[in-house]
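What follows is one structure encoded as structure tokens, with my remarks underneath.
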Amino acid sequence: MTLPETMDKENVSESRRLKLKAMSHTLRACLKQALRRNGLTCGMKACGELLNSNPSTVMVCLLPGDCQDISVHIHQTLIHAFCRENNILVIQMKDDTKLAALLYKLSEGNSVRKGRVNGKMDDTSCLLMQFPKRGPSKDDQLLFQYFEELSKQCYPMPHLSLPD
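Just so we're aligned: 28 in UniProt numbering is position 28 of the sequence shown, and the numbers increase by one with no gaps anywhere.
Right under this line is the structure:
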């Protein structure tokens with residue numbers, strides 16, 4: 001392997017790392033918007049009910065990547081397969097504690113006063129964002145484009161981490 005080949009690989013990985021970081025901020029904005037419009041569903045039971053009754057309203061499914069409870073892992077696997085079959089974007093999260101902390105911060109903070117979560121906010125075993133009635137925002141579209149590009153390039157999809 002020559003030095004230029006090594007440098008190209010380093011540049012690609014650095015570029016990908018920066019893009020993932022930007023997408024984590026975009027995801028945060030999407031979560032904030034979904035919470036503001038009451039389009040957020042948390043918890044395995046509430047998410048399963050929504051997917052069963054009206055899957056066409058679901059825009060994004062967030063699933064934590066590392067689960068120690070085998071029954072929760074099986075449910076997540078089934079929801080993941082269902083979402084893929086119904087063309088729902090599935091994003092695997094690295095750390096569900098950051099997700100729970102962010103949801104708490106957004107719901108308690110001044111940034112989102114009227115937002116409400118369907119289901120239990122402290123259950124981040126599965127999280128669904130529904131389509132807005134007025135169509136996807138620019139952040140939503142950016143998130144879709146990024147993961148569409150990624151799905152063409154690599155498999156499995158990378159796990160996304162939220163910003164601190």
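Note that CB positions come from ideal geometry on N, CA and C, so glycine has one too.
**Q.** Separation of D66 from K45, as counted between CA atoms
**A.** Roughly 19 Å separates the two Cα atoms.
Q) Less than 8 Å separating the beta-carbons of L142 and T26? A) In this structure, L142 places its C-beta atom within 8 Å of the C-beta atom of T26.
Q) How long is the line joining the alpha carbons of K120 and A100, rounded to whole angstroms? A) If you take the alpha carbons of K120 and A100, they lie about 11 Å apart.
**Q.** Same chain, Cβ closer than 6 Å to D140, neighbours up to 5 away in sequence not counted
**A.** Closer than 6 Å at Cβ, skipping near neighbours: C30.
Q | As assigned by DSSP and simplified to three states, the class of C61 | A | Per DSSP, reduced to three states, the secondary structure at C61 is strand.
Q: Measure the alpha-carbon distance for D123 versus K138 and round it to whole angstroms.
A: Distance between the alpha carbons of D123 and K138: 28 Å.
Q) DSSP on I74, reduced to helix/strand/coil? A) In the structure shown, I74 falls within a helical segment according to DSSP collapsed to helix, strand and coil.
(Q) Quick check: L102 and C61, are their CB atoms within less than 8 Å of each other? (A) For L102 and C61, no; Cβs fall outside 8 Å.
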